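Trainee: For the sequence shown, counting from 1, position 389 maps to 389 in UniProt numbering; every step adds exactly one.
Every residue gets a Cβ at the ideal spot worked out from N, C-alpha and C, and that includes glycine.
This structure is a prediction, so every number in the text was calculated from the model and none was measured.
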Amino acid sequence: MLNIQLLLTGNELMSGDIVDSNSAMIAQSLAKIGLAVKRKVAVSDDINDLIEEINAISIKADVLIVNGGLGPTVDDLTAEALAQVADVQITQHPEALTHITQWCERRNFKLNAPNLKQTMLPDGCDIVPNHLGSAVGFHLRLNNCDIYCTPGVPKELQLMLDKELTPSIESLLPEKSHHHVSRYQVFGIGESSLQKLVDEKIDNWPESVELGFRASMPLLELKLTSKSEKAKAEKAACYEQLKALLGDHIVAQIDEVPLTFGDHLQALLREQGKKITFAESCTGGMLASSMTRVAGSSAVFDGSFVSYANDQKQAMLGVNEQTLAQYGAVSEQTVQEMAQGALAKTGADIVVAVSGIAGPGGGSDDKPVGTVWLAWGTSQSIQTVCLHIPANRYYFQHYVTAIGLDLARRLLLASEETPRYITERQKS
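Structure, rendered in structure tokens:
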């Protein structure tokens with residue numbers, strides 16, 4: 001396994017004016033080929049610090065990725081620092097000159113002295129193309145370490161990683177990697193609970209298959225990683241065990257880019273040729289927004305209702321005044337009528353309606369803060385449930401939104417299992 005280390009440079013990085021996302025980007029790109037970053041160091045734009053770190057790291061590491069310090073200003077010092085460590089001259093690199101000349105011509109910019117600074121690189125280095133920005137990356141081998149210098153602009157770095165850097169590092173591996181990752185999104189069960197289930201219910205989990213998680217809201221990412229052809233088959237068997245254990249809590253298998261609940265629900269609706277509508281109170285339009293933020297939503301979503309006040313529940317959805325007076329806005333009877341009204345108004349195939357107490361005020365002994373009623377179904381059958389989600393307003397609204405989308409997903413799947421969030425949070 002290669003010893004890969006990172007050196008991040010920039011005064012803004014050290015002061016907190018810029019949050020470091022590039023090291024995560026690099027690590028994620030390397031993970032695709034089964035490699036990991038062993039160590040990372042961050043320094044300010046100080047030539048002596050750069051020289052010291054480049055020299056020390058290059059002695060220990062197989063690969064050093066230096067990020068930042070390639071720009072046109074006086075505090076961009078990566079090229080100079082590397083040249084001093086390698087004991088070579090700074091010279092104008094012809095490929096870098098061609099790149100910056102063409103870059104300026106495409107933008108009708110006049111080539112100036114600061115631009116030309118980006119062409120002055122350590123003698124003997126190789127260019128790593130930058131397909132977006134003005135500053136090329138470059139590579140130099142020093143102390144048996146392959147040093148790659150990369151731009152700090154995230155979108156430039158991402159493209160360089162994808163097209164140039166990660167493939168180049170992969171070529172350093174002694175043999176072709178059999179590293180393979182399968183990713184799944186899970187909803188309704190937390191990271192610790194999932195790990196506990198695996199420990200208790202699945203015997204003899206193979207050491208050749210790594211189980212990993214990436215916590216996020218609302219969808220948890222579950223990763224199964226294998227590093228050999230034999231382990232790849234074992235990984236498939238592990239997934240079958242997880243599927244039997246988790247059922248429809250597994251939302252979907254995904255590629256490297258995470259998908260939203262809106263993506264998954266819209267795909268199911270398209271597949272079945274159906275449309276959805278929402279009747280929202282406490283979520284304030286978040287269910288509808290989850291759909292419309294996905295391109296192409298007009299094929300499966302015509303519109304919905306945010307009936308926050310009682311008079312709007314009556315005016316927009318036809319909720320009976322007597323229902324509200326007798327049972328209140330947060331009740332089974334009200335969400336049923338909200339759901340029926342939304343279906344009648346839009347002609348949609350399925351509906352989700354929600355009404356709850358997001359807090360921090362407004363609760364009572366009978367209906368404490370965190371109480372929410374949900375209704376979902378079709379014109380033939382409406383189901384309801386009351387849950388208690390004691391949390392701050394932000395979490396409550398986002399979690400209720402996710403539950404509403406998940407209930408719609410399960411309805412489309414004709415799922416018969418009871419999700420854990422109902423078992424654990426149902427209010428009697």
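Could you name the residues of the same chain whose beta carbon sits closer than 8 Å to that of residue 323, not counting the 5 residues immediately before and after it, in chain order?
Mentor: 331, 333, 334, 337
Trainee: Taking DSSP as the reference, what is the three-state secondary structure of residue 308?
Mentor: coil
Trainee: Could you say which of 327, 408, 83 lies nearest to residue 290 if we only look at CA atoms?
Mentor: 408
Trainee: Which partner residues of residue 184 appear in the DSSP bridge assignment?
Mentor: 222, 253
Trainee: Report the residue ranges of all beta strand (DSSP E) runs contained in full by the region 259-331; include only those spanning at least 3 residues, in chain order.
Mentor: 276-280, all fully within the region 259-331.
Trainee: Starting from the C-beta of residue 406, find all residues in its chain whose C-beta is less than 6 Å away, skip the five residues before and the five after it, and write them out in chain order.
Mentor: 187
Trainee: Evaluate contact between the region 97-112 and the region 35-48, counting only Cβ atoms and requiring at least three cross-stretch pairs below 8 Å.
Mentor: As far as the Cβ criterion goes, the region 97-112 does not touch the region 35-48, which means the pair count is below three.
Trainee: Please report how far the alpha carbon of residue 247 lies from the alpha carbon of residue 129, in whole angstroms.
Mentor: 46 Å
Trainee: Helix, strand or coil for residue 126, going by three-state DSSP, please let me know.
Mentor: strand
Trainee: Cβ atoms of residue 125 and residue 61: under 7 Å apart, would you say?
Mentor: no
Trainee: Alpha carbon to alpha carbon, how far is residue 45 from residue 185? Give it in angstroms, no decimals.
Mentor: Their Cα atoms are separated by approximately 41 Å.
Trainee: With distance defined between alpha-carbon atoms, name the residue in 299, 286, 301 nearest to residue 403.
Mentor: By alpha-carbon distance to residue 403, the top candidate from 299, 286, 301 is 286.
Trainee: Buried or exposed: which applies to residue 110, given that a residue is buried once 16 or more other Cβ atoms fall within 10 Å of its Cβ?
Mentor: exposed
Trainee: Could you give the uninterrupted runs of the alpha helix (DSSP H) lying entirely in the region 11-84, keeping only those of 4 residues or more?
Mentor: 11-15, 22-31, 47-60
Trainee: Whose C-beta lies closer than 7 Å to the C-beta of residue 379 among residues of the same chain, with five residues either side of it excluded?
Mentor: In chain order, 343 place their CB closer than 7 Å to the CB of residue 379, counting only its own chain and leaving out the 5 sequence neighbours on each side.
Trainee: Which residue wins for smallest C-alpha separation from residue 415, given the options 377, 107, 85, 134?
Mentor: Ranking 377, 107, 85, 134 by Cα distance to residue 415 puts 377 first.
Trainee: By the DSSP assignment, the beta strand (DSSP E) with residue 387 in it spans what residues?
Mentor: 382-388
Trainee: Who are residue 375's beta bridge partners in DSSP?
Mentor: 353, 384
Trainee: Any idea which residues DSSP pairs residue 138 with across the strands?
Mentor: 127, 149
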